[in-house]
Structures are given as structure tokens and as C-alpha cells.
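**Q** First the structure, then my questions, so here it is.
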Amino acid sequence: MIIQKKSPVLTYCFWTLVAIAVLWACFPIVWMVLTAFRSMQDFFAADVSLLPQQLTLENFEDVIDRSGFLVYMKNSLIVGVCVTLLSIVISIMGAFAITRLDFPGRTLIARSIIASYLIPPALLFIPLFFLVTRVRLHDSILSLIITYLSATVPFSIWMLYGYFSTIPQSLDDAATIDGCNKVQVLTRVLVPLSLPGISVVTLYSFTLCWNEFLYALVFITNEASRTIPAGIVVWIVEDSFAWGRLMAASSLSVSCT
Numbered sequence: 004m005i006i007q008k009k010s011p012v013l014t015y016c017f018w019t020l021v022a023i024a025v026l027w028a029c030f031p032i033v034w035m036v037l038t039a040f041r042s043m044q045d046f047f048a049a050d051v052s053l054l055p056q057q058l059t060l061e062n063f064e065d066v067i068d069r070s071g072f073l074v075y076m077k078n079s080l081i082v083g084v085c086v087t088l089l090s091i092v093i094s095i096m097g098a099f100a101i102t103r104l105d106f107p108g109r110t111l112i113a114r115s116i117i118a119s120y121l122i123p124p125a126l127l128f129i130p131l132f133f134l135v136t137r138v139r140l141h142d143s144i145l146s147l148i149i150t151y152l153s154a155t156v157p158f159s160i161w162m163l164y165g166y167f168s169t170i171p172q173s174l175d176d177a178a179t180i181d182g183c184n185k186v187q188v189l190t191r192v193l194v195p196l197s198l199p200g201i202s203v204v205t206l207y208s209f210t211l212c213w214n215e216f217l218y219a220l221v222f223i224t225n226e227a228s229r230t231i232p233a234g235i236v237v238w239i240v241e242d243s244f245a246w247g248r249l250m251a252a253s254s255l256s257v258s259c260t
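End of the sequence shown = 260 in this note's numbering, gap-free, step of one.
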């Protein structure tokens with residue numbers, strides 16, 4: 004048996020490209036954090052450098068003590084937790100119904116859910132805006148929870164549908180013989196075996212709600228109900244950007260996720 008050794012040149016080139024890709028991906032985050040610690044004088048200095056000339060916590064103090072950032076964070080947490088919990092419950096029940104229950108139109112419903120996931124959220128923006136306005140949910144956190152569910156539920160059902168489909172039906176039959184009903188089969192067999200998929204659904208749903216900007220900016224005009232992405236625009240006035248405070252707020256937001 005002939006063992007071919009990898010060329011050290013190819014190995015060196017490969018890891019060099021990997022290092023460049025990692026640096027390229029991490030540079031915006033590093034720049035954001037460093038900018039958050041810059042003083043106002045650094046932004047108007049003649050010599051611009053990567054590292055701040057003087058580290059300061061002034062931007063973080065302004066964001067936390069002199070703005071509504073903590074209110075924005077509370078609203079983001081409320082929306083994120085509610086949407087995540089509802090997405091998990093709805094997707095578990097939906098995936099269980101599609102994979103384990105026999106009813107007419109099951110295949111059509113499964114395909115429709117997958118097809119709805121392919122629709123870009125921006126395409127639904129205008130009809131959802133009119134719907135939210137018509138039912139008088141404008142300027143309400145509930146409007147964000149409902150609209151975000153339209154984006155998270157299809158993906159969540161599709162993800163758990165794949166997990167439930169890989170679990171043998173014989174496990175359900177064995178649990179039924181032991182006296183379990185449908186709900187117990189779901190909670191004691193399928194859910195524990197699908198925890199990796201549920202964790203993906205949890206992470207996806209919460210991250211989407213935490214970072215979403217367009218719906219939060221347009222649906223919520225009341226400052227007391229804004230989330231973080233829509234709230235930090237208060238530091239953008241026409242063509243004037245408070246970069247220090249923007250980067251400080253962004254750093255705090257990223258650190259929470």
C-alpha cells in the first residue's frame with residue numbers, strides 16, 4: 004500500500020488562505036470594538052490609526068446611562084424569547100403532525116411549508132404592514148412577534164420534519180405498547196431524540212429576532228417599544244453619525260448573542 008504524503012507547500016498555502024479568511028471575517032468585529040473605545044478626539048484626529056490613541060468608556064456610559072438602550076434591550080429580549088418559544092412549540096407540533104399523523108393533504112401541507120420558507124421576507128413587507136395597520140397593532144411589540152413567526156415557523160418545521168423523519172416508527176410502536184399515548188410519544192421519544200434540531204431552531208429564531216431591522220424600524224415608531232436594531236438609529240441624524248455610540252451599542256448587542 005502506497006501512502007502519499009501531502010506537499011508541505013500545499014499545506015502551507017491552505018492554512019495561509021484559512022488565516023486570511025478568518026482575519027477578513029473578524030476584522031469588522033475587531034474594528035467595531037476598537038471604535039467603541041475611541042474618544043471623540045480620535046475621530047477628528049489628523050492621523051487615523053487602527054488602535055485608539057486613548058481608551059475611554061465614555062461611549063458605553065452614554066449608551067447605557069443617557070439613552071434608551073436598556074429599554075431597547077428589554078424589548079428585544081421580550082420579542083426574542085416569545086418568538087423562540089412559540090416557534091419551538093408550533094414547529095414540534097407541526098413536524099409531528101406531518102411525520103406521524105395520517106390525514107388528507109399531509110404531503111401538500113409539507114411542501115407548502117417548505118415553499119413558504121423560500122419567500123423572501125422583504126416580499127411580504129408591504130402586505131404585512133397593511134395587515135398590522137388594519138388590526139391596529141402598529142407600534143406594538145405584538146406586531147413584531149406575529150410577523151417574525153411568519154419567518155421562523157416554516158424553517159423550524161422544515162428542520163424538525165427532517166429530524167422526526169429519521170426516527171424509526173418502531174420506537175413509536177414500542178412506546179405505544181408500553182402504554183404511551185400520542186402526546187407521551189412526542190414528549191418522551193421524539194423530542195429527546197431531536198434536541199440537536201430543536202437547539203438549531205432556538206438559535207435561529209432568537210438570532211433572527213435580535214438582529215432584524217426592517218420590520219422593527221417601520222412597524223415601531225414609538226421609542227418605548229423599539230428593539231435594539233431600530234433603536235440605535237437615534238445616533239444617526241441626516242449625514243451625521245455618532246460612530247462611538249453606534250459601535251458601543253452594537254458591541255453590547257453582539258455580546259448578548
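Here a beta-carbon is modelled for each residue, glycine too, at the ideal position from N, C-alpha and C.
Keep in mind the model is a prediction, meaning the values are calculated, not measured.
Tell me the rounded alpha-carbon separation between L193 and W18.
**A** Mapped onto the sequence shown, residue 193 falls at position 190. Mapped onto the sequence shown, residue 18 falls at position 15. Cα-Cα distance, rounded: 41 angstroms.
**Q** Ignore the nearest five residues each way along the sequence and tell me which others in L58's own chain have a CB closer than 6 angstroms to its CB.
**A** For this step, residue 58 is matched to residue 55 along the sequence shown. Hits under 6 angstroms: F40.
**Q** What are the start and end residues of each continuous beta strand (DSSP E) run of 3 or more residues lying completely inside the segment 147-191, in chain order?
**A** Counting only runs of 3 or more, we get nothing.
**Q** Nearer than 7 angstroms: is that true of the beta carbon of P124 relative to any heavy atom of the ligand GTP?
**A** Questions concerning the ligand GTP fall outside what the structure shown contains, since it holds no ligand whatsoever.
**Q** In the DSSP assignment, the alpha helix (DSSP H) including W246 goes from what residue to what residue?
**A** Along the sequence shown, read from residue 1 onward, the residue named residue 246 stands at position 243. Looking at the DSSP string, the run of the alpha helix (DSSP H) that includes W246 is W246 to C259.
**Q** Give me the DSSP bridge partner(s) of V66.
**A** Your numbering for residue 66 matches position 63 in the sequence shown. DSSP lists no partner for V66.
**Q** How would you call V240, buried or exposed, if buried means at least 16 neighbouring beta carbons within 10 angstroms?
**A** Along the sequence shown, read from residue 1 onward, the residue named residue 240 stands at position 237. Exposed.
**Q** How many Å lie between R248 and W34 at the Cα?
**A** Position 245 of the sequence shown, counted from the start, is the residue given in the question as residue 248. Position 31 of the sequence shown, counted from the start, is the residue given in the question as residue 34. R248 and W34: Cα-Cα distance of roughly 14 angstroms.
**Q** Residues in the same chain with beta-carbon distance under 8 angstroms from D105, minus the five sequence neighbours each way, listed in chain order, please.
**A** Against the sequence shown, residue 105 aligns to sequence position 102. None.
**Q** What is the DSSP secondary structure of D242, reduced to helix, strand or coil?
**A** Translated into positions along the sequence shown, residue 242 becomes position 239. Coil, per DSSP.
**Q** Have a look at W161 and D242 and give me their C-alpha separation to the nearest angstrom.
**A** Taking the first residue of the sequence shown as 1, we reach residue 161 at position 158. Taking the first residue of the sequence shown as 1, we reach residue 242 at position 239. Their Cα atoms are separated by approximately 43 angstroms.
**Q** Roughly how far, in whole angstroms, is the beta-carbon of T210 from the beta-carbon of T150, given that I think they are within contact range, below 8 angstroms?
**A** If you number the sequence shown from 1, residue 210 lands on position 207. If you number the sequence shown from 1, residue 150 lands on position 147. Their Cβ separation, rounded to whole angstroms, is 16 angstroms, which puts T210 and T150 out of contact at 8 angstroms.
**Q** Are A252 and V66 close, meaning C-beta to C-beta below 8 angstroms?
**A** The sequence position of residue 252 within the sequence shown is 249, counting from 1. The sequence position of residue 66 within the sequence shown is 63, counting from 1. Cβ distance < 8 angstroms, so A252 and V66 count as in contact.
**Q** With DSSP run on the structure shown, which of helix, strand or coil describes F40?
**A** The residue labelled residue 40 in the question sits at position 37 within the sequence shown. F40: coil per DSSP, three-state reduction.
**Q** Compute the Euclidean distance between the alpha carbons of I231 and W246, then round it to the nearest angstrom.
**A** Numbered from 1 along the sequence shown, position 228 holds the residue referred to as residue 231. Numbered from 1 along the sequence shown, position 243 holds the residue referred to as residue 246. Those two C-alpha atoms are separated by around 16 angstroms.
**Q** I'd like to check one pair, F63 with V135: are the Cβ atoms closer than 8 angstroms?
**A** To locate residue 135, count along the sequence shown from 1; it is residue 132. To locate residue 63, count along the sequence shown from 1; it is residue 60. No; because the gap between Cβ atoms is not below 8 angstroms, this pair is not in contact.
**Q** S159 to R114, Cα distance in whole Å?
**A** Along the sequence shown, one-based indexing puts residue 159 at 156. Along the sequence shown, one-based indexing puts residue 114 at 111. Taking the straight line joining both Cα atoms gives about 14 angstroms.
**Q** For M267, tell me which candidate among V236, D68, C85 and M250 has the shortest Cα-Cα distance.
**A** Residue numbering for the chain in the displayed model covers 4 to 260; residue 267 lies beyond these limits and cannot be assessed.
**Q** Give me, in chain order, the residues of the same chain whose beta-carbon lies closer than 7 angstroms to that of H141; leave out the 5 immediate sequence neighbours on both sides.
**A** Taking the sequence shown and counting its residues from 1, the one referred to as residue 141 is at position 138. Excluding sequence neighbours, H141 sits near V135 and F222.
**Q** Return yes when the Cβ of T155 is within less than 8 angstroms of the Cβ of V86, no when it is not.
**A** Position 83 of the sequence shown, counted from the start, is the residue given in the question as residue 86. Position 152 of the sequence shown, counted from the start, is the residue given in the question as residue 155. Contact flag set, yes.
**Q** Would you call the CB atoms of Y166 and I101 closer than 8 angstroms?
**A** For the purposes of this step, residue 166 is identified with residue 163 of the sequence shown, where counting begins at 1. For the purposes of this step, residue 101 is identified with residue 98 of the sequence shown, where counting begins at 1. Cβ atoms of Y166 and I101: not closer than 8 angstroms.
**Q** Which same chain residues end up closer than 7 angstroms to S197 when comparing Cβ atoms and leaving out the 5 residues on each side of it in sequence?
**A** For this step, residue 197 is matched to residue 194 along the sequence shown. The answer, listed in chain order, is L163, Y166 and F167.
**Q** Check the C-beta distance from F132 over to L217 and give it rounded, since I have them as a contact under 8 angstroms.
**A** Translated into positions along the sequence shown, residue 132 becomes position 129. Translated into positions along the sequence shown, residue 217 becomes position 214. Not a contact, Cβ separation roughly 10 angstroms.
**Q** In chain order, what residues of the same chain have a beta carbon less than 6 angstroms from the beta carbon of M96, not counting five sequence neighbours either side?
**A** Numbered from its first residue, the sequence shown carries residue 96 at position 93. So the list is empty, once near-sequence residues are dropped.
**Q** May I ask you to report which of helix, strand or coil DSSP gives T224?
**A** Reading the sequence shown from its first residue, position 221 is the one you call residue 224. Coil, per DSSP.
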